[in-house]
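**Q** In the working numbering, the protein residues as written are 246 to 294.
The beta-carbon is built from N, C-alpha and C at its ideal position, and this holds for glycine as well.
Below is the structure:
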């Protein structure tokens with residue numbers, strides 16, 4: 246399991262930590278979208294009659 250360990254008293258923040266946080270936030274969304282296959286995520290216009 247991916248975990249970011251933060252110790253009390255502070256620690257230096259490295260670029261790897263920021264990359265890890267971004268990956269953890271986007272990987273579940275990518276898994277969800279990949280299960281749908283090809284689809285349009287933007288560029289659609291909704292009109293009401």
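Does DSSP put residue 291 in a helix, a strand or coil?
**A** Residue mapping note: residue 291 aligns to position 46 of the chain shown, counting from 1. Note: residue 291 maps to coil in three-state DSSP.
**Q** If you follow the alpha helix (DSSP H) that residue 268 is part of, which residue opens it and which one closes it?
**A** For the purposes of this step, residue 268 is taken as the residue at position 23 of the chain shown. Counting along the chain, the alpha helix (DSSP H) containing residue 268 begins and ends at 260-281.
**Q** Is there contact here, the region 253-262 with the region 270-281, by at least three beta-carbon pairs under 8 Å?
**A** Judged by Cβ distances under 8 Å, the region 253-262 makes no contact with the region 270-281, as fewer than three pairs qualify.
**Q** Ignore the nearest five residues each way along the sequence and tell me which others in residue 345's own chain have a CB closer than 7 Å to its CB.
**A** The question about residue 345 has no answer, for the chain in this structure spans 246 to 294.
**Q** Thinking C-alpha only, which one of 289, 254, 288, 249 is nearest residue 267?
**A** Taking the chain shown and counting its residues from 1, one reaches residue 267 at position 22. Measuring from the Cα of residue 267, the nearest candidate turns out to be 249.
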